[in-house]
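Going letter by letter, the sequence shown gives residues 1 to 80 in full-length UniProt numbering.
Glycine included, every Cβ here is placed at the ideal spot set by N, Cα and C.
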Amino acid sequence: MRDQYEMIAEYERDPVCCVNLYGEITELYKKGLLELPEGVIKIWADSGYGKMVTRRQGSHNPRIPSIPAKHDKGPHGIYY
1 MRDQYEMIAE
11 YERDPVCCVN
21 LYGEITELYK
31 KGLLELPEGV
41 IKIWADSGYG
51 KMVTRRQGSH
61 NPRIPSIPAK
71 HDKGPHGIYY
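So, in C-alpha coordinates, the structure goes:
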(Lines of atoms letter the chains of each structure in order from A; the text may use other names.)
(Lines give C-alpha, C1' and ligand atoms only; values in the text may rest on other atoms or scores of the structure.)
Protein backbone atom coordinates (compact mmCIF):
# COMPACT_ATOMS: atom_id res chain seq x y z
CA MET A 1 0.00 0.00 0.00
CA ARG A 2 2.82 2.37 0.79
CA ASP A 3 4.37 1.80 -2.65
CA GLN A 4 1.05 2.51 -4.37
CA TYR A 5 0.54 5.65 -2.28
CA GLU A 6 4.02 6.91 -3.16
CA MET A 7 3.39 6.27 -6.87
CA ILE A 8 0.25 8.42 -6.74
CA ALA A 9 2.05 11.09 -4.69
CA GLU A 10 4.56 11.50 -7.54
CA TYR A 11 1.76 12.92 -9.70
CA GLU A 12 -0.68 14.34 -7.15
CA ARG A 13 0.44 16.51 -4.25
CA ASP A 14 -1.23 15.45 -0.97
CA PRO A 15 -3.36 12.68 -2.49
CA VAL A 16 -6.54 11.69 -0.70
CA CYS A 17 -6.60 7.91 -0.24
CA CYS A 18 -8.59 5.49 1.87
CA VAL A 19 -8.50 1.82 2.79
CA ASN A 20 -11.50 -0.32 3.70
CA LEU A 21 -10.65 -2.25 6.85
CA TYR A 22 -12.76 -5.39 6.70
CA GLY A 23 -12.19 -9.12 7.16
CA GLU A 24 -8.60 -10.28 7.12
CA ILE A 25 -7.35 -6.73 6.49
CA THR A 26 -8.78 -5.66 9.87
CA GLU A 27 -7.02 -8.55 11.58
CA LEU A 28 -3.67 -7.66 9.96
CA TYR A 29 -4.08 -3.96 10.81
CA LYS A 30 -5.05 -4.61 14.45
CA LYS A 31 -1.98 -6.87 14.86
CA GLY A 32 0.28 -4.11 13.50
CA LEU A 33 1.18 -6.10 10.37
CA LEU A 34 -0.28 -3.58 7.93
CA GLU A 35 1.42 -0.19 7.86
CA LEU A 36 -0.56 2.65 6.32
CA PRO A 37 0.91 5.94 5.15
CA GLU A 38 0.07 8.92 7.36
CA GLY A 39 -3.14 10.61 6.30
CA VAL A 40 -4.74 7.59 4.64
CA ILE A 41 -8.39 7.49 5.69
CA LYS A 42 -9.26 4.27 7.50
CA ILE A 43 -12.79 3.13 6.63
CA TRP A 44 -14.29 0.83 9.28
CA ALA A 45 -17.13 -1.52 8.35
CA ASP A 46 -19.92 -3.07 10.33
CA SER A 47 -20.78 -6.78 10.24
CA GLY A 48 -23.74 -6.33 7.93
CA TYR A 49 -25.96 -6.84 10.96
CA GLY A 50 -25.34 -3.46 12.62
CA LYS A 51 -22.44 -4.54 14.87
CA MET A 52 -19.04 -2.87 14.61
CA VAL A 53 -17.13 -6.13 14.23
CA THR A 54 -15.55 -7.74 11.21
CA ARG A 55 -16.84 -11.17 10.31
CA ARG A 56 -14.65 -13.54 8.35
CA GLN A 57 -14.84 -17.31 8.43
CA GLY A 58 -11.40 -18.85 8.70
CA SER A 59 -9.91 -15.92 10.60
CA HIS A 60 -8.24 -16.64 13.92
CA ASN A 61 -10.97 -14.55 15.53
CA PRO A 62 -14.06 -14.17 13.31
CA ARG A 63 -15.40 -11.24 15.38
CA ILE A 64 -12.60 -8.65 15.57
CA PRO A 65 -13.79 -5.24 16.84
CA SER A 66 -14.07 -2.86 13.90
CA ILE A 67 -13.58 0.37 15.82
CA PRO A 68 -10.37 2.42 15.89
CA ALA A 69 -8.28 2.27 19.05
CA LYS A 70 -8.01 5.49 21.06
CA HIS A 71 -4.31 5.82 20.16
CA ASP A 72 -5.03 5.34 16.42
CA LYS A 73 -4.55 8.86 15.03
CA GLY A 74 -5.57 10.08 11.65
CA PRO A 75 -8.79 10.36 9.69
CA HIS A 76 -11.40 7.62 10.07
CA GLY A 77 -14.70 6.85 8.35
CA ILE A 78 -17.50 4.29 8.42
CA TYR A 79 -18.77 2.06 5.61
CA TYR A 80 -22.31 0.67 5.87
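Where does residue i fall in DSSP's three states?
i, result
"L28", "helix"
"C18", "strand"
"Y79", "strand"
"K73", "coil"
For residue i and residue j, which I take to be in contact (beta-carbon distance under 8 Å), what is that distance rounded to the nearest angstrom?
i, j, result
"I25", "G77", "In fact, because the Cβ distance is near 15 Å, the residues do not count as touching under 8 Å."
"V19", "L33", "With 8 Å as the limit, V19 and L33 do not qualify as a contact, their Cβ atoms being about 14 Å apart."
With a 10 Å radius around its C-beta and 16 neighbouring C-beta atoms as the bar for buried, classify residue i as buried or exposed.
i, result
"E27", "buried"
"I67", "exposed"
Let me check one thing: in DSSP terms, what residues is residue i bridge-paired to?
i, result
"Y5", "In DSSP, Y5 forms no bridge with anything."
"I67", "DSSP lists no partner for I67."
"V53", "P65"
Going by CA-CA distance only, name the one from the options that's closest to residue i.
i, options, result
"M52", "H71, L21, E38", "L21"
"Y79", "P65, S47, K70, H71", "S47"
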